[in-house]
Amino acid sequence: MTTQTILVIGATGTQGGSVIKALLANPALPPTTQIVALSRNPSSTKSKSLLTLDSRISLLQGDASSPEQIFSSANTHITSVFLVTVHGAPGVEESQANALIDAALKHGVQHFVFTSADRGGEVASDRNPTPVPHIATKFHIEQHLKTVTAGSDMKWTILRPVTFMDNLTPDFAGKGFAAMWRQVGARKIQLVAASDIGLFAAKALLHPGEYEGRSIGIAGDELSYEDAERVFEDVLGVKMPTTFCAVGSVLKVAMGDIGAMFKWFETAGFAVDMQAARREVPEMMDFGTWLKRSSGFRDLKK
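Yeah, the sequence shown ends on 302 if you go by full-length UniProt numbering, and it's all consecutive.
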């Protein structure tokens, strides 16, 4: 039996780190499985901290912009890949992801798990890029993944999360996010804790036969701004911090991509089947649980 070696790209980030922790916590993880954590700087504190989690973790120095180097320097056969991309200059995210997919196929990877984004439910997500640039980019990456792997031995799983609860932070950026959310009005927005994506990824990586060829929407809660305010105060005993709506308006103009996303929320938005998602991962956090357990506000809890 081939030993499974899982390459986690973005291992020092929230999603990548959560994938590694979820793999280690999953009782289905075989003792022979190796986890290769890609890091641009293996000597960093974050990178070194990964090594303390388990002896099956190793660090691989590399960058998503050089996929051939990643696979050639791995010194082992990578059987599975988890990829989360980073939004950057126009075209860069897509070109890097596509090159990684191509390299994985060339080097005999058996299963490729990609974090994309929901675009209005399972059916709509398969055909709708949306007018939101960073979400549309993930649509195009999905299309490339499906096209180049058709008829090949490399199987895929696509994870489609919604807006991250983690955008709500105690600092100015978090208050700006809250102000933009308030401008959406009474419409509900679906949210997910970024760390919960790791639970889905781990299940897909450890049970490829059950997850190959599937696109899975991920959402842990669905709230209007007023709903979120109410939960925040009920859980933490203080009002949810925000700023002036005018600041939200300025931010939407200054951050065109984010502005497009909130505009999309007003007319369409995410539509994950939340019951189906929770059947996959029952322990997924709702907003209140995330506030108490993982948010930057957790020290305020009653």
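Every residue gets a Cβ at the ideal spot worked out from N, C-alpha and C, and that includes glycine.
The model shown is predicted, which means the values in this text are computed figures rather than measured ones.
{"query": "Which residue or residues does DSSP assign as beta-bridge partners of Q143?", "result": "Per DSSP, none; premise fails for Q143."}
{"query": "If you count every other CB in all the chains shown that lies within 10 Å of the CB of A89, and 16 or more means buried, which is it?", "result": "exposed"}
{"query": "L23 to S95, Cα distance in whole Å?", "result": "28 angstroms"}
{"query": "Buried or exposed: which applies to G296, given that a residue is buried once 16 or more other Cβ atoms fall within 10 Å of its Cβ?", "result": "exposed"}
{"query": "Here's the rule I'm using: 16 or more other beta-carbon atoms within 10 Å means buried, otherwise exposed. How should E93 be labelled?", "result": "buried"}
{"query": "Under three-state DSSP, which class holds V19?", "result": "helix"}
{"query": "Shortest alpha-carbon distance to I135 belongs to which of T85, M284, E233?", "result": "T85"}
{"query": "Specify the secondary structure class of F200 as computed by DSSP and reduced to three states.", "result": "helix"}
{"query": "Quick one: what does DSSP say F112 is sitting in, helix, strand or coil?", "result": "strand"}
{"query": "Report back the beta-carbon spacing between L29 and L199 to the nearest angstrom; my notes put them in contact at under 8 angstroms.", "result": "Going by Cβ atoms, the distance from L29 to L199 rounds to 13 angstroms, so no, they are not a contact pair."}
{"query": "Taking C-beta to C-beta, are A219 and A179 nearer than 8 angstroms?", "result": "no"}
{"query": "So, S215 versus I158, is the Cβ gap smaller than 8 angstroms?", "result": "yes"}
{"query": "Mapping the DSSP letters down to three states, classify Q190 as helix, strand or coil.", "result": "strand"}
{"query": "Given that a residue counts as buried once 16 or more other Cβ atoms are within 10 Å of its Cβ, and exposed if not, what is P282?", "result": "exposed"}
{"query": "Starting from A37, follow the alpha helix (DSSP H) in both directions and report where the run begins and ends.", "result": "Segment 34-39 is the beta strand (DSSP E) holding A37; no alpha helix (DSSP H) there."}
{"query": "Taking the CB atoms as reference points, tell me whether E142 and A103 lie closer together than 8 angstroms.", "result": "no"}
{"query": "Below 8 angstroms on the Cβ atoms is my contact criterion, and I expect T79 with Q183 to pass it. Report the Cβ-Cβ distance as a whole number of Å.", "result": "Not really, about 46 angstroms apart at Cβ, beyond 8 angstroms."}
{"query": "Just verifying my parser: in three-state terms, what is the DSSP assignment at L205?", "result": "helix"}
{"query": "For L100 and A64, I'd like the C-alpha separation in whole angstroms.", "result": "7 angstroms"}
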